[in-house]
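Colleague: In order, the protein sequences belong to chains A and B. Under this note's numbering, residues 96 to 670 are what the first sequence spells out, in order. Under this note's numbering, residues 51 to 210 are what the second sequence spells out, in order. Even glycine gets a Cβ: it sits at the ideal position worked out from N, Cα and C. Here's a structure for you.
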Amino acid sequence: MTPDKRMKGSRALVAALEHEGCDVLFGYPGGVAIPFYDALYDAKKLRHILVRHEQGAAHAADGYARATGRVGVCTATSGPGATNLVTGIATAYLDSSPLVAITWQVRSDLIGTDAFQEADITGITLPIVKHSYLLKDTADLAQTVHEAFHIASTGRPGPVVIDIPVDVALGEAAYHDADSLDLPGYKPTFRGHVKQVRAAAKAINEAHRPVLYLGGGAITSDAAPEILKLAELRRLPVATTLMALGAFPETHELSMGMLGMHGTVTANYAVHECDLLINLGARFDDRVTGKLKAFAPHAKVIHVDVDPAEIGKNVAPIIPIVGDVKHVTAGLVKELQGMEWSPDLTAEWLARIAERKEEFPLHYEDPKDGKLAPQLVIQEIDRITGHDAIVCTDVGQHQMWATQHYTYTFPRQFVSSGGLGTMGFGLPASIGAKIGNPDKTVIDISGDGGFQMTMQELATAVSYDVPVVVCILNNGYLGMVRQWQDLFWDKRYSFTCVEVQPDFKLLAEAFGAVGLTVTEKDEIEPALREAIGNGRPTVIDFRTSAEENVYPMVPAGQEITEMIGGTSRKTRRKP
Amino acid sequence: MKHTLSILVENKPGVLTRVAGLFARRGFNIESLAVGLSEDPKFSRITIVIDGDEHPVDQVTKQLHKLINVLKIRDLDPGNAVAAELLLVRVAGEGEKRTEALQIAEIFNAKIVDVDRRQLTLRVVGTNDKLEALLELLQPLGVLEVVRTGTIALGRGRGG
């Protein structure tokens, strides 16, 4: 780009996005978005994916961001286009995903007049963005885009909205690439305080019953190699949150799997009994802690987070460290390497954990209704993809089974709406994840409920040749709510039975995708192999047992050792 | 205990909404709020008074710091800050009441800024406590209308 070339705002935006390294954006045109779409028509490097609903654009951009670590970009027109992004923006906000949402706005002089398709989107999204802009001047475009990408992707990442009135896109101004920042109020801390890191290392070195508790920050900061080093150096057993699945290989002997409401017996008891809880980039969410007062009652707590506001929000740590997980963990490793330590210190603890893992594995019974066990379907997906697929999910029972029965081995492998719990996230997110990782097998595990919320994005997958594999665990219920009704509401299944359903096989075919129906165990493998091998978007309708529940389960607000299920398979005893 | 936060923010459209919106979203109550330009027209200074017993001040300030447009936050120590609030009060004042109102005004260093036969309006500057005391004394005379600016404050010595 020649410096200070005059151009229209719409072209400047394309140039600015390309300058940020953005090569794909997901969007949907509309009246005031036309100037930008006109510029996109000639864009060389920037690829636009036309979704079928703006919510799909936001989720696809989010899925792309989570699976690649790069900023995801979506765009929508003013009014309803912009408001349709809201669920996707909130989803990204709750899971700290770097998203830039460009919304188009009515002409500047019409703002505030209730003009056609006018909505105050910066106002509407205020509580669910990391930051937002309402542009007034074409000349500010490049700088704003540069700042938005910086804010979205650094510190604790999050969504940034840029709302642009159409006259700003139509106006002309000098364009030059923006490379410097003017953000006097934004200076995230990456490196932990040396003294605190040293104190934490000392506590780790002296602990008899330590537990590493990993959160989304472990993945965001690309800290997996450092965490592996740390865990192996002091033989620290590892529990991960849903957001951290893949930050530590679950094939590793030190892995205890996920903790919390649907966590493993081993992980929840280890946290309950530990004398040192090392939280790396997690936020003591209620789905993890259960009853907060009874959480990790014997433990000293080390809390590492890049967001100072998370430290002390729910749990007051003895050693707080503001910094990103990568830098701090590297610091811990360095400190510990200089300290003497004997494996005897934790030998008994590790033996206890190993025994528990042996005695209390995740298990399930074969369903009595003769239908497929949903857990088996996930285990088969895991086996056939060799722990190596990117797994996206919706929200509910299938999501929890996906956390439990797939073996995650690398970061950014599991893409799921954790904080907001957004049904309909899976399919569009998987499209984004696949576009960002064309060489990976991408599986969307959905329920029959969530799939129907955004299933029109099958058309997007077909039209851009994005061969995602959608596995619907179809039990004819909104299963997680039904499970709660089963356990806590006297089995009064109020509006959770989905009686009328499309034939998902025919539906997939109607979209031009491949549709398969699986009712028998021995059909699972061939169906999966076909879906993964055919190079086309494919939907597999797995007819799973209707009233299967996710266990173990800690009822909301209870101590995390108060688990329903989770008894030993052999002895039927509780831990 | 009350806390007075002095917040330096970028002087840009929507910044006050972000600050106020954050208080609403996190469920923090604002006792008073005052905004105006600072010494540098690029920045505004917001003074917010909150009840520290109700909300952990630490959490409030950390959340505020996350706003991109917020530069600096000081939790002002009352012993080491100057604070003032402006109050206008319209009070009934006929006959004896008028004399009493004038006496009270004098004690509090209040100015009479409007007067007619039935009532008078006082303007007074002072700390929150002083204004409360004034209102309490005026109450028996008949307080008709009150408006207050909310506290503004600056740390002593090296700036706020």
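Skipping 5 residues on each side, what residues in its chain have a beta carbon closer than 8 angstroms to that of M96(A)?
Modeller: Your numbering for residue 96(A) matches position 1 in the first sequence. With a pLDDT of only 48 at M96(A), under the threshold of 50, the placement of this residue in the model should not be trusted, and no figure is reported.
Colleague: Measuring CA to CA, which of A70(B), P128(B), T149(B), G143(B) is closest to T177(B)?
Modeller: The residue given as residue 177(B) occupies position 127 in the second sequence. Checking every option, the nearest Cα to that of T177(B) belongs to P128(B).
Colleague: Would you check if the region 601–608 of chain A and the region 582–593 of chain A touch, i.e. whether three or more CB-CB distances between them fall below 8 angstroms?
Modeller: Not touching, per the Cβ criterion.
Colleague: Report the three-state DSSP secondary structure of F637(A) (helix, strand or coil).
Modeller: As a working note, residue 637(A) is residue 542 in the first sequence. Strand, per DSSP.
Colleague: Is the beta carbon of G513(A) less than 7 angstroms from the beta carbon of M351(A)?
Modeller: Here residue 513(A) is taken as the residue at index 418 of the first sequence, counted from 1. Here residue 351(A) is taken as the residue at index 256 of the first sequence, counted from 1. No; because the gap between Cβ atoms is not below 7 angstroms, this pair is not in contact.
Colleague: With 9 angstroms as the C-beta to C-beta threshold (strictly closer), list the residues of the region 268–292 of chain A near chain B in chain order.
Modeller: Cβ contacts with chain B come from L278, P279, G280, Y281.
Colleague: Under the three-state reduction of DSSP, which class applies to R68(B): helix, strand or coil?
Modeller: Position 18 of the second sequence holds residue 68(B). R68(B) falls in the helix class under three-state DSSP.
Colleague: In whole angstroms, give me the CA-to-CA distance for A680(A) and A377(A).
Modeller: Look at the range of chain A in this structure, 96 to 670, and you will see that residue 680(A) is not part of it.
Colleague: Go through its chain and collect everything with a Cβ distance to I479(A)'s Cβ below 8 angstroms, but skip five positions before and after it.
Modeller: In the first sequence, the residue the question calls residue 479(A) occupies position 384. Closer than 8 angstroms at the Cβ level, and outside the excluded window around I479(A), lie E620, L623, R624, I627.
Colleague: Output the boundary residues of the beta strand (DSSP E) element that contains V410(A).
Modeller: Counting from one through the first sequence, the residue named residue 410(A) turns up at place 315. Note, V410(A): premise wrong, no beta strand (DSSP E); not H, not E.
Colleague: Could you check how far apart the C-beta atoms of V401(A) and G531(A) are, in whole angstroms? I think they sit under 8 angstroms.
Modeller: By 1-based counting over the first sequence, the position of residue 401(A) is 306. By 1-based counting over the first sequence, the position of residue 531(A) is 436. Actually they are not in contact, since the Cβ atoms of V401(A) and G531(A) sit about 23 angstroms apart, beyond 8 angstroms.
Colleague: Closest Cβ-Cβ distance between A482(A) and chain B: below 7 angstroms?
Modeller: Here residue 482(A) refers to the residue found at position 387 of the first sequence. It is worth fixing the name first, because residue 482(A) is His in this sequence and not Ala. Judged by the 7 angstroms Cβ criterion, H482(A) is not in contact with chain B.
Colleague: Here's the rule I'm using: 16 or more other beta-carbon atoms within 10 Å means buried, otherwise exposed. How should Y503(A) be labelled?
Modeller: Taking the first residue of the first sequence as 1, we reach residue 503(A) at position 408. Answer is buried; the Cβ neighbour count reaches 16.
Colleague: By alpha-carbon positions, which one of T662(A), H367(A), A177(A) ends up nearest to T220(A)?
Modeller: Here residue 220(A) is taken as the residue at index 125 of the first sequence, counted from 1. Out of T662(A), H367(A), A177(A), A177(A) has the C-alpha closest to the C-alpha of T220(A).
Colleague: Check this for me: beta carbons of I216(A) and T198(A), under 7 angstroms apart or not?
Modeller: Walking along the first sequence from the start, residue 216(A) turns up at place 121. Walking along the first sequence from the start, residue 198(A) turns up at place 103. It is a contact, given that the beta carbons lie within the stated cut-off.
Colleague: Cβ closer than 8 angstroms: which chain A residues qualify as neighbours of I118(B)?
Modeller: Position 68 of the second sequence, counting from 1, holds the residue named residue 118(B). Ordered by position in chain A, the residues that pass the 8 angstroms Cβ test against I118(B) are K225, H226, I246, L278, G280, Y281.
Colleague: Hey, out of P332(A), G280(A), I322(A), L325(A), whose CA is closest to P305(A)'s CA?
Modeller: In the first sequence, the residue the question calls residue 305(A) occupies position 210. When each option's Cα is compared against that of P305(A), the closest is P332(A).
Colleague: Beta carbon of V645(A), beta carbon of M495(A): below 7 angstroms?
Modeller: If you number the first sequence from 1, residue 645(A) lands on position 550. If you number the first sequence from 1, residue 495(A) lands on position 400. Yes. Within cutoff.
Colleague: For L375(A), which residues from the same chain have a beta carbon less than 8 angstroms from its beta carbon, with the 5 sequence-adjacent residues on both sides left out?
Modeller: Here residue 375(A) refers to the residue found at position 280 of the first sequence. Excluding sequence neighbours, L375(A) sits near L307, Y308, L309, G310, G312, A313, A318, I322, V399, V420, V423, T424.
Colleague: How would you call V396(A), buried or exposed, if buried means at least 16 neighbouring beta carbons within 10 angstroms?
Modeller: Along the first sequence, read from residue 1 onward, the residue named residue 396(A) stands at position 301. By the 10 Å Cβ count, V396(A) comes out buried.
Colleague: So, helix, strand or coil for A365(A), using DSSP?
Modeller: Working through the first sequence from its first residue, we reach residue 365(A) at position 270. Reduced to three states, the DSSP call for A365(A) is helix.
Colleague: Measuring CB to CB, does L2(B) end up less than 7 angstroms from T54(B)?
Modeller: With chain B represented from 51 up to 210, any question about residue 2(B) goes unanswered, as that position is not in the structure.
Colleague: How far does the beta strand (DSSP E) with W199(A) in it extend, from its first residue to its last?
Modeller: As a position in the first sequence, residue 199(A) is number 104, starting the count at 1. 194–200 is the extent of the beta strand (DSSP E) around W199(A).
Colleague: Distance check for S88(B) and G205(B), CA to CA, integer angstroms please.
Modeller: Counting from 1 along the second sequence, the entry for residue 205(B) is found at position 155. Counting from 1 along the second sequence, the entry for residue 88(B) is found at position 38. Straight-line Cα distance between these residues: approximately 14 angstroms.
Colleague: DSSP has R286(A) in a bridge; who is on the other side?
Modeller: Taking the first residue of the first sequence as position 1, residue 286(A) is located at position 191. Paired residue(s): none; R286(A) is not in a bridge.
Colleague: Once the 5 residues before and after F121(A) are set aside, which same chain residues still bring their CB inside 6 angstroms of it?
Modeller: Against the first sequence, residue 121(A) aligns to sequence position 26. For F121(A), where only same-chain residues beyond five positions count, the Cβ hits under 6 angstroms are I144, V146, A152, A155, A156, C169.
Colleague: I need the DSSP call for K103(A), collapsed to helix, strand or coil.
Modeller: Within the first sequence, numbered from 1, the residue matching residue 103(A) stands at position 8. Looking at K103(A) - three-state DSSP - the assignment turns out to be strand.
Colleague: Pick helix, strand or coil for E321(A), following the three-state DSSP scheme.
Modeller: Within the first sequence, residue 321(A) is the residue found at index 226, counting from 1. Looking at E321(A) - three-state DSSP - the assignment turns out to be helix.
Colleague: Grouping DSSP H, G and I as helix and E and B as strand, with all else coil, what is E213(A)?
Modeller: Counted from its first residue, the first sequence places residue 213(A) at position 118. If DSSP states are grouped into helix, strand and coil, E213(A) belongs with coil.
Colleague: Relative to the C-alpha of T591(A), which residue among G491(A), T656(A), C117(A), P523(A) is closest?
Modeller: As a first step, residue 591(A) is located in the first sequence; it is residue number 496 there, counting from the start. Of the candidates G491(A), T656(A), C117(A), P523(A), the one whose C-alpha sits nearest the C-alpha of T591(A) is G491(A).
Colleague: As a quick exercise: from Q432(A), P403(A), W436(A), pick the residue whose alpha carbon is nearest that of K112(B).
Modeller: Indexing the second sequence from 1 puts residue 112(B) at position 62. That would be P403(A), whose Cα lies nearest to the Cα of K112(B).
Colleague: Throw me the rounded Cβ distance for the S105(A) and F131(A) pair, which I believe falls under 8 angstroms.
Modeller: By one-based count along the first sequence, residue 105(A) stands at place 10. By one-based count along the first sequence, residue 131(A) stands at place 36. Yes, they are in contact, since the Cβ atoms of S105(A) and F131(A) sit about 5 angstroms apart, within 8 angstroms.
Colleague: Mind checking if R76(B) is an interface residue toward chain A, Cβ cutoff 7 angstroms exclusive?
Modeller: Along the second sequence, one-based indexing puts residue 76(B) at 26. Not an interface residue.
Colleague: Apart from the five residues on each side of it in sequence, which residues of its chain come closer than 7 angstroms, Cβ to Cβ, to R668(A)?
Modeller: Residue mapping note: residue 668(A) aligns to position 573 of the first sequence, counting from 1. Cβ neighbours of R668(A) beyond the five flanking positions: T662.
Colleague: Output needed for F211(A): all residues of its chain with C-beta closer than 8 angstroms, excluding positions within five of it in sequence on either side, in chain order.
Modeller: By 1-based counting over the first sequence, the position of residue 211(A) is 116. The answer, listed in chain order, is G126, G174, V201.
Colleague: Would you kindly work out how many angstroms separate the C-alpha atoms of P597(A) and P415(A), rounded to a whole number?
Modeller: By 1-based counting over the first sequence, the position of residue 597(A) is 502. By 1-based counting over the first sequence, the position of residue 415(A) is 320. Spanning the two alpha carbons is a distance of roughly 52 angstroms.
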